[in-house]
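Student:
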Ligand code: M6R
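This is how it looks when you write it as structure tokens:
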């Protein structure tokens, strides 16, 4: 949801900023821009479209200078136009600001500025209002100052004073033409990380933008403001207090965020699942005690035993993982478990008993809706834990404990490997809580065996990619797709449909198979295939009934099945995707992969931009 990158150092800033933006493009790709200061002169290039368009612009009219800011936009306020692209400027045109977030009271701030005589607005954005406000406060305080140290201090004070008037969320970076080799960053609700280099420092929405230059990072907290120079930085809070900030080592390298041999990040990430699933359980299984070890939960055995109810919150794919978790935890631990859309949970008055434990599930750890729900849950005094991939993300830091996915960077906008990692972790949680209750050692060790077999079984499923590609070619002209599953595989129907919608733009819906006869069957027709997720499990025969119902109405059927299911479906389904046999509780990790591949291959066949589908962004940091 918008990406920002800032640089102050000795190198030419333009290539570094463009490179950083390319790595943040997954956050938004409506428009992009860069502003760089060179010997007291601020120059900018910005345009609607992708970073490639901006790079062409910069190649035609190069920018020189060793400090500046840049932005890739996912539009919130104002249309996708060159004028609305960031950076935005103050009235003097000397201050350039990039922003990720939403200034909710921008209209009131703008009206105040207009009343004071400032009418020189060039865009429809909330960000420009903030730039004008900071510029005004700075100009008022700095009219006669020539000393560069004073200018820095006054610019910093102007940023602080302006942000004290802001209602909303922001990750910002700004530079001023009159204040050399100096950049300011601040955050509230939108992520911002400081990259600490040698004689150069960086600001970015995400470390992936800067990991090619430094792996030393300081993750800023909400209400932090940082003054950044080439060789130093100083962080203080909006209220003026200086805080304790550690420099951490980034876990991954620039190599890890390359596509390598794959044409798209999504395909790379699908194929990484044998490793990411292994990494999600690495060191977390106790064969001896037939349980899971999750020290990050920060809970004593007695506290684990006293949990009487679990709430799982998330959005999109993370929510679907939560839905699998609901089945898993209830099956393994017999604890009443509910799944909540994070945004709904936050604003409704969900009755919560005191022994409720809450999990916020989020790959990015920055999703505004999930973060808001986490804060609401903690405000009410409930122990709230995170299941996140991004280390040191806001959700990870603000929760009472949690479990990292260790899936490695996920760049494709469509979440894939994070889903399987989330489901693995929820299985570990079910196992741990189950073993604190009635789950026997024999049952516990069966779950462990099933988990340990997964990486090899995923390898087998990945070998189906060519078959699935052929199916995608055959069905490329369909008008939509329906997805059906029961029990553990009902959430996989939802996830399969979400993947399909996101990257092919085809109409797709997921439902419990049994809902067919309650209405959905009216949609069945020859140009709308039904995908049935029907492994050979306790509900196979029920799925079979539903498959027959679709068949009777001439709906094409693509069936994912296993074991005896292959034989039973061979004269009914138009296509059969045959999966390795596995216990039902881990089967979703195998059944989701063919659906990821089907969406991928169909999107490629339709010529879609798989890694950057229209209108979407990877990390949704606005509500
Ligand atoms: O980073 P999060 O897991 O919190 O993201 C939640 C959703 O925005 C995300 O899963 C989204 O639905 C994906 N684009 C799905 O592929």
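Residue numbers (the working numbering): 79 to 701. Where is the CB? At the ideal position from N, CA and C, for every residue including glycine.
1) May I have the straight-line CA-CA distance separating residue 449 from residue 504, to the nearest angstrom?
2) Just to check my reading of the structure: residue 529 and residue 359 have Cβ atoms closer than 8 Å, yes? What is that Cβ distance to the nearest angstrom?
3) Going by DSSP, what residues sit across from residue 401 in a beta bridge?
4) Determine the direct distance from the alpha carbon of residue 379 to that of residue 430, and round the result to whole angstroms.
5) Under 7 Å from any heavy atom of the ligand M6R, does the C-beta of residue 393 make it?
6) What first and last residue would you give for the alpha helix (DSSP H) that runs through residue 220?
7) Which residues in the same chain as residue 377 place their Cβ atom closer than 6 Å to its Cβ, once the five residues preceding and following it in sequence are excluded?
8) Can you name the start and end residues of the beta strand (DSSP E) that residue 279 belongs to?
9) So, is residue 210 buried or exposed, given that buried needs 16 or more other C-beta atoms within 10 angstroms?
10) When we look at the beta-carbon of residue 424 and count the other beta-carbons within 10 Å, is it buried (16 or more) or exposed?
11) Would you call the segment 602-609 in contact with the segment 632-641, where contact means no fewer than 3 C-beta pairs closer than 8 Å?
12) Compare the beta carbon distance of residue 122 and residue 155 with 8 Å and say whether it is the shorter of the two.
13) So residue 534 is in the alpha helix (DSSP H); what residue range does that whole segment cover?
14) For the alpha helix (DSSP H) that residue 687 lies in, which residues bound it at each end?
15) Return the residue from the list 168, 198 and 670 that minimises the CA-CA distance to residue 402.
16) What do you get for residue 384, buried or exposed, if any count of 16 or more other CB atoms within 10 angstroms of its CB means buried?
17) In this structure, does DSSP put residue 303 in helix, strand or coil?
18) Go to residue 355, then tell me how far its alpha helix (DSSP H) extends in each direction, as first and last residue.
19) In chain order, what residues of the same chain have a beta carbon less than 8 Å from the beta carbon of residue 131, not counting five sequence neighbours either side?
20) Could you tell me which residues DSSP pairs with residue 262 in its beta bridges?
21) Answer with buried or exposed for residue 591, where buried requires no fewer than 16 other C-beta atoms within 10 angstroms of its C-beta.
22) Got a sec? Which residues, its chain only, sit under 8 Å from residue 677 by beta carbon, not counting five neighbours each side?
23) Could you tell me if the beta carbon of residue 445 falls within a distance shorter than 7 Å of some heavy atom in the ligand M6R?
24) Considering only the alpha carbon of each residue, which of 460, 443 and 206 lies closest to residue 466?
25) Whole angstroms is fine: what's the gap from residue 485's alpha carbon to residue 216's?
26) Once you ignore the five residues that flank residue 180 on each side, which residues in its own chain have a CB closer than 6 Å to its CB?
27) Taking the beta strand (DSSP E) that residue 390 falls in, what are its first and last residues?
28) Return yes when at least one heavy atom of the ligand M6R lies under 7 Å from the C-beta of residue 440, else no.
29) Helix, strand or coil for residue 297 per DSSP?
30) What residue range does the alpha helix (DSSP H) around residue 645 cover?
31) If you follow the beta strand (DSSP E) that residue 119 is part of, which residue opens it and which one closes it?
32) Check the C-beta distance from residue 257 over to residue 233 and give it rounded, since I have them as a contact under 8 Å.
Tutor: Quick look at the numbers:
1) 19 Å
2) 6 Å
3) The partner list for residue 401 (beta bridge, DSSP) is empty, contrary to what the question assumes.
4) 22 Å
5) yes
6) 204-220
7) none
8) 279-282
9) buried
10) buried
11) yes
12) no
13) 519-540
14) Segment: none, residue 687 is in no alpha helix (DSSP H) and carries neither H nor E.
15) 670
16) exposed
17) strand
18) 351-359
19) 110 and 125
20) 252 and 305
21) buried
22) 492, 574, 577, 578, 580, 581 and 582
23) yes
24) 443
25) 44 Å
26) 154, 246, 247 and 700
27) 387-392
28) yes
29) strand
30) 643-647
31) 119-126
32) 5 Å
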